[in-house]
């Protein structure tokens, strides 16, 4: 089946620093990837749609200058949380759209803790 | 952001019992999906539904795409301890591939 990986699986950083999270589709090419944020005991909330070779599309209320998304290849999208603050602490999950099955496959998530 | 109404919020059942959960929306969806999420993990796709009225099974799981295209349900028969987790419905409206998630149903199974 389609496999999506994320790195790192968890990260702890100081307030004001930037953190980069990688999302890779391991056995398929994904022109479209998605980034979600999930707070404890809540559902997944879509942050942005990442399109290979073009700018990401952000959902309403998501600051594009704070959450930088780069989708430079068909198998890699990165999310950079710039100048992170404690309120950015969350579980960040990516997904990749698999063209052959027309479904999204999710990565294992990255737990971000900002001190 | 927009969310689907999913119920129940949580269930605590005895092993061997059947489970039913559902999602409703005020909007029409073209696709309904059901995912399971274990703690600290990403969601895993269980069942995908593409046509109104479609009834699909995956082992002990059965899901249906409502005729109105505004609802879906998931049944789990003869529950076992490894069914524990959070189940999410998700709907897709158009060809953009974007998913809208339900609020989740937390399932606990008593051995």
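Residue numbers (the working numbering), protein chains in the order written: chain P, 1 to 115; chain S, 116 to 226. Even glycine gets a Cβ: it sits at the ideal position worked out from N, Cα and C.
field: Separation of residue 207 (chain S) from residue 195 (chain S), as counted between CA atoms
entry: As a position in the second chain, residue 195 (chain S) is number 80, starting the count at 1. As a position in the second chain, residue 207 (chain S) is number 92, starting the count at 1. Each residue's alpha carbon lies about 30 Å from the other.
task: Taking 8 Å as the cut-off, decide whether the C-beta atoms of residue 104 (chain P) and residue 39 (chain P) are in contact.
output: Walking along the first chain from the start, residue 104 (chain P) turns up at place 104. Walking along the first chain from the start, residue 39 (chain P) turns up at place 39. Residue 39 (chain P) is positioned such that its CB atom lies no closer than 8 Å to that of residue 104 (chain P).
message: Quick check: residue 45 (chain P) and residue 67 (chain P), are their CB atoms within less than 8 Å of each other?
response: If you number the first chain from 1, residue 45 (chain P) lands on position 45. If you number the first chain from 1, residue 67 (chain P) lands on position 67. Taking 8 Å as the Cβ cut-off, residue 45 (chain P) and residue 67 (chain P) do not qualify as a contacting pair.
message: Considering only DSSP beta bridges, list what residue 46 (chain P) is partnered with.
response: Reading the first chain from its first residue, position 46 is the one you call residue 46 (chain P). BP columns for residue 46 (chain P) point to P:36.
- request: Find out if the Cβ-Cβ distance for the pair residue 21 (chain P), residue 50 (chain P) is shorter than 8 Å.
  value: Within the first chain, the letter at position 21 stands for residue 21 (chain P). Within the first chain, the letter at position 50 stands for residue 50 (chain P). For residue 21 (chain P) and residue 50 (chain P), no; Cβs fall outside 8 Å.
task: Sort P:88, P:90, P:113 and P:72 by Cα distance to residue 25 (chain P) and report the nearest one.
output: Taking the first chain and counting its residues from 1, the one referred to as residue 25 (chain P) is at position 25. Of the candidates P:88, P:90, P:113 and P:72, the residue whose Cα lies closest to the Cα of residue 25 (chain P) is P:72.
- prompt: Any beta-carbon of chain S closer than 8 Å to the one on residue 93 (chain P)?
  reply: One-based indexing of the first chain puts residue 93 (chain P) at position 93. Taking Cβ atoms only, chain S reaches closer than 8 Å to residue 93 (chain P), which makes this a yes.
Residue 186 (chain S) - containing beta strand (DSSP E), residue span: For the purposes of this step, residue 186 (chain S) is identified with residue 71 of the second chain, where counting begins at 1. Looking at the DSSP string, the run of the beta strand (DSSP E) that includes residue 186 (chain S) is 186-191.
- prompt: In whole angstroms, what separates the C-alpha of residue 154 (chain S) from that of residue 52 (chain P)?
  reply: Here residue 154 (chain S) refers to the residue found at position 39 of the second chain. Here residue 52 (chain P) refers to the residue found at position 52 of the first chain. Spanning the two alpha carbons is a distance of roughly 30 Å.
- prompt: Mind checking whether residue 43 (chain P) and residue 219 (chain S) have CB atoms under 8 Å apart?
  reply: Residue 43 (chain P) sits at position 43 when you count from the first residue of the first chain. Residue 219 (chain S) sits at position 104 when you count from the first residue of the second chain. With contacts defined by Cβ atoms closer than 8 Å, residue 43 (chain P) and residue 219 (chain S) form a contacting pair.
task: Return helix, strand or coil for residue 197 (chain S), following the three-state DSSP convention.
output: Locating residue 197 (chain S) in the second chain gives position 82, counting from the first residue. Residue state for residue 197 (chain S) is assigned as helix, using DSSP reduced to three classes.
query: Are the Cβ atoms of residue 23 (chain P) and residue 77 (chain P) separated by less than 8 Å?
result: Locating residue 23 (chain P) in the first chain gives position 23, counting from the first residue. Locating residue 77 (chain P) in the first chain gives position 77, counting from the first residue. For residue 23 (chain P) and residue 77 (chain P), yes; Cβs fall inside 8 Å.
- prompt: Residues bridged to residue 208 (chain S) by DSSP?
  reply: Your numbering for residue 208 (chain S) matches position 93 in the second chain. Here residue 208 (chain S) is not bridged, per DSSP, to any residue.
task: For the beta strand (DSSP E) holding residue 225 (chain S), just list the boundary residues, first then last.
output: The residue you call residue 225 (chain S) lines up with position 110 of the second chain. For residue 225 (chain S), the enclosing beta strand (DSSP E) has its first and last residue at 220-225.
message: If distances are taken between C-alpha atoms only, which option among P:63, P:62 and P:32 comes closest to residue 54 (chain P)?
response: The residue given as residue 54 (chain P) occupies position 54 in the first chain. Nearest C-alpha to residue 54 (chain P): P:32.
field: residue 178 (chain S): contacting residues in chain P (beta-carbon distance under 9 Å)
entry: Indexing the second chain from 1 puts residue 178 (chain S) at position 63. Those within 9 Å of residue 178 (chain S) in chain P number zero; the least Cβ separation is about 14 Å.
- prompt: Smallest Cα separation from residue 27 (chain P): which of P:80, P:74, P:56 and P:83?
  reply: The count along the first chain starts at 1 and reaches residue 27 (chain P) at position 27. Across the set P:80, P:74, P:56 and P:83, the C-alpha of P:74 shows the shortest separation from the C-alpha of residue 27 (chain P).
- prompt: Looking at residue 146 (chain S) and the ligand ZN, is the gap between the Cβ and the nearest heavy atom below 7 Å?
  reply: Absence of the ligand ZN is noted for the structure shown, with no ligands found whatsoever.
task: Could you work out which residues of chain P lie near residue 167 (chain S), taking near to mean beta carbons separated by less than 7 Å?
output: Walking along the second chain from the start, residue 167 (chain S) turns up at place 52. Contact note: residue 167 (chain S) does not reach chain P at a C-beta cutoff of 7 Å; the least C-beta distance is about 17 Å.
query: Between residue 108 (chain P) and the rest of its own chain, which residues show a CB-CB distance below 6 Å, the 5 nearest in sequence each way excluded?
result: Locating residue 108 (chain P) in the first chain gives position 108, where the first residue counts as 1. Within the same chain, Cβ atoms closer than 6 Å to the Cβ of residue 108 (chain P) are found at 6, the five residues on either side in sequence being excluded.
message: Considering just the uninterrupted stretch of the beta strand (DSSP E) at residue 70 (chain P), what are its terminal residues?
response: One-based indexing of the first chain puts residue 70 (chain P) at position 70. Where residue 70 (chain P) is concerned, the enclosing beta strand (DSSP E) stretches over 67-73.
- prompt: In the stretch 22-50 of chain P, which residues sit with their C-beta less than 7 Å from some C-beta in chain S, listed in chain order?
  reply: Cβ contacts with chain S: 32, 43, 44, 45, 46 and 49.
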